[in-house]
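Residue numbers (this note's numbering): 22 to 455.
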Amino acid sequence: MPSASRATDSVVSMLILHTSDWHLGRSFHGTGLLQAQREVLGQMAATVRERGVDLVLVSGDVYDRALPAADAVEILDRALAELVSAGAVVVLTSGNHDSAIRLGFGGHLMGASGVHFRTRMDQVTAPVVLDDPDGGLVAVYGVPYLEPRHAGQVWEVDPNHTAVTAEAVRRIHEDADTRFGSQDQEAAVIAMAHLFAAGGAGSDSERDIGADLPQGEAPEEQAPEEQEWQADCPSEELLVGTLGQVPVSVFEGIDYVALGHLHGRQRMAETVRYSGSPLPYSFSEANHTKGGLLVRTAGGSVTGVETVDWSAGRKLAVLRGRIEDLMDDPDHAWAEDRWCQITVTDPVRPPQAYRRLKERFDGLLNFVLDPDVGAAARKSTYAARLAAATSDLEVCTGFVEHVRQRPASASETALLTTALAESRNELEDEGSAA
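Written as structure tokens, this is what we have:
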């Protein structure tokens, strides 16, 4: 059995680094992130060395796609070598972005070197077991992403996320009771899973993992303490709906649940947490603090959880306003060296708006037009104008107003009048010829 004997703090304990959602090979609005991913994984290895981390968990979505590019594979190879060299055992599970078969290739050989892949359903009851320096054990059960229809058929349970996850947890409990129940040493049971937990806060960069599937019973309302998310993503407004969610109560009896899939670091319960992704992968994550979670165990139980922060690559900025303010306001200077999403709210599209903004914010990646035309104008929808139109000309000018967010000008009205007259003349000529 591998032994984890290092400890840098006064209390002898095991230190576990919980990470997830590396998404190696991903781009950001067409911009490559390979260098930023190399950098943040280097910071991760430095954390392992400096803090004396014994075990690193990667809870799914190691790659961004099922067929990762060669550069992404090279980054993973180097990162795993650095983590093991720094003194850690590594456990990785497959997520919904990964190809389980490809990610798990060579797993039997790599396990001998301290890198353990859990990518198959039959590995749910194959824990990685380590000796806790304080005399207990730590058993890590890696649950890969479970496709509900397939897992439900194999395990003969309902084909929904809640049912297949509950079955995986039941099997973990059964295995842990059999494996450790008669031993004198206490065992801390840690489960890794890649899923939507009920009440989780999502971002724009996660791929839906079950909107088209049956979901099982609605989860019971969570206790207030289970809804206490970390303040790392206070501005997150996109709440994951009930589709694809798994209630936190499914994990009852597990000492720590290392979740992956949601990219914002958050606490679902004291010992059920998302580490979040190590890098932001959408502008909705601009205010996230990125990093991982350090989990401490001693004597076969979890004794504490703390955050560790990393920062790599270009930071993000989200700006909104009229173009003159965006161009001239010195308060926006902080965003000039960041990747930017800028929403222009002028009632009429400013000429050459993108080019002008790019001159000040050279990291402009996402340009959005959202004219602020006032509440009264917004109430007058195109459908309402169409219904109220009494002539062909009013239909056409209503369309111009809908598209341009302003009334048709005199020249536009004259042009439309001429075009309509010519159309009528052509129709009359065709009728006469017939």
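Built from N, CA and C at the ideal position, the CB exists for glycine as well.
Query raised in the report: Looking at C-beta atoms only, is the number of pairs between the region 163-173 and the region 123-143 that lie closer than 8 Å three or more?
Result: yes
Report task. Could you tell me the boundaries of the beta strand (DSSP E) in which Arg359 lies? Result -> Counting along the chain, Arg359 falls outside any beta strand (DSSP E), and DSSP gives it neither H nor E.
Query raised in the report: Short check: CB of Ala209 to CB of Ala197, under 8 Å?
Result: no
Requested in this report: Go through its chain and collect everything with a Cβ distance to Val339's Cβ below 6 Å, but skip five positions before and after it.
Outcome: Phe304, Ala307, Gln362
**Report entry** Under 8 Å between C-beta atoms of Ala222 and Gln266
**Finding:** no
Requested in this report: Drop a sphere of 10 angstroms on the beta-carbon of His171, count the other beta-carbons inside from all chains shown, and report buried for 16 or more, exposed for fewer.
Outcome: exposed
Query raised in the report: Is the region 382-394 touching the region 50-65, taking contact as three or more C-beta pairs under 8 Å?
Result: yes
Query - Status (buried if at least 16 other CB within 10 Å, exposed otherwise) for Ala160 - result: buried
Query raised in the report: Whose C-beta lies closer than 6 Å to the C-beta of Val145 among residues of the same chain, with five residues either side of it excluded?
Result: Val164, Ala189, Arg192
Query raised in the report: Are the beta-carbon atoms of Arg123 and Ala91 separated by less than 8 Å?
Result: no
Query raised in the report: If we count the other Cβ atoms within 10 Å of its Cβ and call it buried at 16 or more, is Ala40 buried or exposed?
Result: The question names Ala, but residue 40 is Thr in the sequence shown. By the 10 Å Cβ count, Thr40 comes out buried.
Query raised in the report: In terms of alpha-carbon separation, which member of His282, Pro372, Arg317, Gly108 lies closest to Asp155?
Result: Arg317
Query - Own chain, CB closer than 7 Å to Thr324, minus 5 neighbours either side, in chain order - result: Ser34, Arg317, Thr318
Query raised in the report: In terms of residues, what are the limits of the beta strand (DSSP E) holding Ile211?
Result: 208-215
Query - Cutoff 6 Å; reference Pro180; Cβ partners in own chain excluding five residues on either side - result: Pro169, Arg170, Gly173
Requested in this report: Please state if the CB of Pro368 and the CB of Asp350 are separated by a distance shorter than 8 Å.
Outcome: no
Requested in this report: Identify, in the order they occur along the chain, each residue of the same chain with its Cβ nearer than 6 Å to the Cβ of Leu378, setting aside the five sequence neighbours on each side.
Outcome: Ile363, Leu385
Query - Nearest-angstrom Cα separation, counted from Gly297 out to His215 - result: 11 Å
Query - Residue burial classification, Val424 (beta-carbon count within 10 angstroms, cutoff 16) - result: exposed
Report task. Have a look at Ser48 and Ser226 and give me their C-alpha separation to the nearest angstrom. Result -> 11 Å
Query raised in the report: Can you give the Cα-Cα distance for Arg335 and His309, rounded to whole angstroms?
Result: 14 Å
Requested in this report: To the nearest angstrom, report how far apart Asp330 and Gly320 are at their CA atoms.
Outcome: 27 Å
Report task. Would you decide whether Leu390 is buried or exposed? Buried here means 16 or more other CB atoms lie within 10 Å of its CB. Result -> exposed
Query raised in the report: Within the chosen definition, does the region 340-360 reach the region 54-69 through at least 3 CB pairs nearer than 8 Å?
Result: no
Requested in this report: Output yes or no for whether 8 Å exceeds the beta carbon distance between Asp119 and Gly81.
Outcome: yes
Query raised in the report: Could you give the residue range of the beta strand (DSSP E) that holds Leu280?
Result: 277-281
Query - Cβ distance (whole Å) where Gly116 is taken to contact His284 below 8 Å - result: Between His284 and Gly116 the Cβ distance is about 12 Å, and since that is not below 8 Å, they are no contact.
Requested in this report: Consult DSSP for Leu88 and reduce its assignment to one of helix, strand or coil.
Outcome: coil
Query raised in the report: Ends of the alpha helix (DSSP H) at Asp349?
Result: 344-349
Requested in this report: Would you identify the three-state DSSP class for Asn446, choosing helix, strand or coil?
Outcome: helix
Query raised in the report: What residues match up with Thr328 in a beta bridge as DSSP calls it?
Result: Leu314
Query raised in the report: Would Leu104 pass as a contact of Val149 if the rule is Cβ separation under 8 Å?
Result: no
Report task. Quickly, what does DSSP pair Arg288 with across the bridge? List them, please. Result -> Arg294
Query raised in the report: DSSP on Phe126, reduced to helix/strand/coil?
Result: coil
Query - Contact set for Val178: own chain, Cβ-Cβ below 7 Å, skip 5 residues either direction - result: Ala184, Val185, Glu188
Query raised in the report: Thr134 to Leu38, Cα distance in whole Å?
Result: Per the sequence presented here, residue 134 reads as Ser, with Thr not at that position. Straight-line Cα distance between these residues: approximately 18 Å.
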